Each structure stands twice: as C-alpha cells, then as structure tokens.
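I have placed the structure first, in the form of structure tokens, so that the comments after it can refer back to it.
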Amino acid sequence: MSSNIALEENEQAVALLKADADKILQLIKVQMDNLTMPQCPLYEEVLDTQMFGLSREINFAVRLNLINEQTGKEIMENLERELSALHEAAQAQKSS
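In terms of the numbering used here, the sequence shown is numbered consecutively and its last residue is 740.
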C-alpha cells in the first residue's frame with residue numbers, strides 16, 4: 645500500500661513538472677509570436693527566469709524523493725530541445 649502511494653506521488657510530481665515545462669513553452673511561443681524576438685533582452689530575461697524556476701522545482705522534487713535526478717534532467721533537456729526547435733523555426737521564418 646505504501647509503495648502504491650509513493651508511486652502515485654512520483655507520477656503526480658512528474659506530471660506537474662511536465663505541465664510547468666509545457667507552460668513555459670507556451671509562454672515563449674506567445675512571446676515570440678506576439679511580443680518580442682529571441683534577440684530581445686526581455687525575451688531572454690523571461691526565458692532565463694522561467695527555466696531557473698523550473699530547475700528549482702525539479703531540485704525540490706528530487707530532494708523530497710518524489711522524482712529521481714535523471715527524470716528531472718530529462719524534463720529540462722526535453723524543454724530545452726523544444727525551445728531550441730522553436731527558436732530555429734522562428735529564425736528560419738524570419739530569414740524567409
């Protein structure tokens with residue numbers, strides 16, 4: 645029973661962290677579409693702040709043993725890949 649609860653807490657923590665990563669991606673998409681370009685200091689500030697906040701959330705979840713460190717790294721790496729692809733698409737659109 646106790647291991648089932650721990651597994652549910654682990655799955656819930658991962659789901660919440662992934663949802664926060666998705667929110668960051670959506671925020672950056674909106675910012676790129678409507679407000680600023682990736683070279684803008686405001687864009688970089690928002691991105692840095694959001695990524696730092698997510699990294700702290702992940703660190704907290706790892707320290708509570710809700711997720712393992714590898715899962716946290718995977719969440720961050722996945723978000724970084726998606727943001728990189730978004731940035732590349734914006735650059736390609738800008739140059740065409």
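Virtual Cβ for every residue (Gly too), placed ideally from N, Cα, C. Remember, it's a predicted structure, so these values are computed and weren't measured experimentally.
Contacting residues, own chain, Cβ-Cβ under 8 angstroms from residue i (five flanking each side not counted)
| i | result |
| --- | --- |
| Leu669 | Leu723, Glu726, Leu727, Leu730 |
| Glu653 | Leu710 |
Beta-carbon gap between residue i and residue j smaller than 9 angstroms
| i | j | result |
| --- | --- | --- |
| Val690 | Ile711 | no |
| Leu698 | Asp677 | no |
Three-way DSSP call (helix, strand, coil) for residue i in this model
| i | result |
| --- | --- |
| Leu710 | coil |
Own chain, CB closer than 7 angstroms to residue i, minus 5 neighbours either side, in chain order
| i | result |
| --- | --- |
| Lys741 | Since the first residue shown for the chain is 645 and the last is 740, residue 741 is missing from the structure and cannot be characterised. |
| Val658 | Ile711, Thr715 |
| Gln694 | Ile668, Leu671 |
| Glu701 | Leu661, Asp664 |
Close-in-space but distant-in-sequence residues of the same chain around residue i (CB under 6 angstroms, 5 per side omitted)
| i | result |
| --- | --- |
| Val706 | Glu713, Gly716 |
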